[in-house]
Amino acid sequence: MSTPLRIKYADIEAALDWSSSAGPYENEALICRRTGRVYLQSMHGEFEEEGLPEDIEDGTLYVAVPHKNELNLGRELVFQFVENEAPRIETQVGAVFRQRGAYSKFKSILERSGLLQRWYEYESAATRSALERWAKENGLVVAEAARGDA
482 MSTPLRIKYA DIEAALDWSS SAGPYENEAL ICRRTGRVYL QSMHGEFEEE GLPEDIEDGT
542 LYVAVPHKNE LNLGRELVFQ FVENEAPRIE TQVGAVFRQR GAYSKFKSIL ERSGLLQRWY
602 EYESAATRSA LERWAKENGL VVAEAARGDA
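The working numbering puts the first residue of the sequence shown at 482, with every later residue one more than the last.
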């Protein structure tokens with residue numbers, strides 16, 4: 482029985498950021514199940530200096546990091562935060578999420594309400610929890626440092 486691959490939290494969080502930096506399926510971060518190395522690809526072009534491995538499409542060797550929406554870290558998390566932490570701004574937030582630019586308007590509401598830092602902490606904790614759960618489901622262990630790091 483093999484030991485699950487350990488991957489640094491910073492690496493998996495950066496992979497999530499890449500996968501979520503555009504619409505779903507536009508950018509993809511893939512983690513090698515043997516080495517833990519993260520490969521980045523985009524439908525807009527390659528970003529790896531030495532190119533992607535030829536076997537990158539093999540789901541037994543690589544696992545794709547999901548978009549934040551697949552982990553309920555987008556709009557769902559905003560409304561969860563508002564319901565749990567700031568119900569007094571629920572009507573305002575609901576109104577801005579029916580318009581374009583909702584996320585920046587949401588952050589403006591939070592700033593005016595003195596809740597922006599609380600949101601960042603809430604979002605960070607939810608992201609870590611979701612990534613750890615996803616990693617476990619995919620045979621990975623999230624750690625502060627990967628095996629072999631100092």
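Backbone N, C-alpha and C fix where the C-beta goes; we use that ideal spot for every residue, glycine too.
Per the Cβ contact rule, the segment 539-551 is not in contact with the segment 559-570 (fewer than 3 Cβ pairs under 8 Å). In the DSSP annotation of this structure, residue 545 is not part of any alpha helix (DSSP H); the continuous beta strand (DSSP E) holding it starts and ends at 543-546. Boundaries of the alpha helix (DSSP H) around residue 609: 597-618. By a beta-carbon distance limit of 8 Å, residue 577 contacts residue 587. Their separation comes to about 6 Å.
In this structure residue 554 touches residue 607 by the C-beta definition: roughly 6 Å separates them, less than 8 Å. Sixteen is the threshold: since fewer than 16 other Cβ atoms of the shown chains lie within 10 Å of the Cβ of residue 565, the residue is exposed. In the three-state reduction of the DSSP assignment, residue 567 falls in the coil class. Rounded to whole angstroms, residue 605 and residue 575 show a C-alpha spacing of 22 Å. Here residue 501 carries a helix assignment [DSSP, helix/strand/coil]. Pairing residue 499 with residue 521 gives a Cβ-Cβ distance under 8 Å. Ranking 502, 488, 592, 510 by CA distance to the CA of residue 496 puts 510 first. The alpha-carbon separation between residue 535 and residue 582 amounts to approximately 39 Å. For residue 552, the secondary structure class from DSSP, reduced to helix, strand or coil, is helix.
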